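This report refers to the structure that appears directly beneath it.
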Amino acid sequence: MANTLINIALPVVNEIIDDVLATGSSASYRDTFTSSDARDRLATFVLSRLPARYMTIAEECSLELPRNCYSAEQHRQIRQLVYQGIQKLLTRPISSTPDTLIPSTWFG
């Protein structure tokens with residue numbers, strides 16, 4: 065029987081992002097992160113600062129509840145990274161078009 069290797073960090077990070085955006089006090093950042101591009105950047109910010117976490121189907125962590133594979137301290141750290149990512153991405157404009165594709169930037 066072959067085991068399947070699965071990265072469980074992304075579903076946990078997405079769940080915590082959903083929670084932070086749903087319970088956050090500022091509607092402005094909730095509106096900002098409704099865009100899939102902005103949300104992907106936030107998830108990338110958080111995931112790039114976490115160690116990868118993998119499991120196989122045979123491990124004790126459940127695929128239905130990958131959240132249980134992380135300790136309370138790790139959840140706190142992920143939540144803190146989500147808040148840091150929100151602040152960082154809100155201070156830097158999120159452009160759906162890369163600057164190199166805007167004609168006004170081609171000639172200086």
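So this note's numbering is basically just the index in the sequence shown, starting at one, shifted up by 64.
The beta carbon of each residue, even a glycine, is placed where N, CA and C say it ideally should be.
Since the structure is predicted, the reported quantities are computational estimates derived from the model, not experimental observations.
Open item on the list: Which same chain residues end up closer than 8 Å to I142 when comparing Cβ atoms and leaving out the 5 residues on each side of it in sequence?
Closed with: Start at 1 with the first residue of the sequence shown, and residue 142 comes out as number 78. V76, V77, I80, V110, L114, Y134.
TODO: Return the bridge partner residues of T120 from the DSSP annotation.
DONE: By one-based count along the sequence shown, residue 120 stands at place 56. L69, per the DSSP bridge assignment.
Open item on the list: Check for me: the alpha helix (DSSP H) holding L114 runs from which residue to which?
Closed with: For the purposes of this step, residue 114 is taken as the residue at position 50 of the sequence shown. Looking at the DSSP string, L114 is not in any alpha helix (DSSP H), and its letter there is neither H nor E.
- [ ] Would you decide whether L69 is buried or exposed? Buried here means 16 or more other CB atoms lie within 10 Å of its CB.
- [x] Within the sequence shown, residue 69 is the residue found at index 5, counting from 1. So L69 counts as exposed.
Task: Y234, DSSP secondary structure in three states - done: The shown model of the chain, from 65 to 172, leaves out residue 234, and the question about it has no answer.
Task: Contact under 8 Å by Cβ, L85 with R94 - done: The sequence position of residue 85 within the sequence shown is 21, counting from 1. The sequence position of residue 94 within the sequence shown is 30, counting from 1. Against a cut-off of 8 Å, the Cβ pair of R94 and L85 comes out as a contact.
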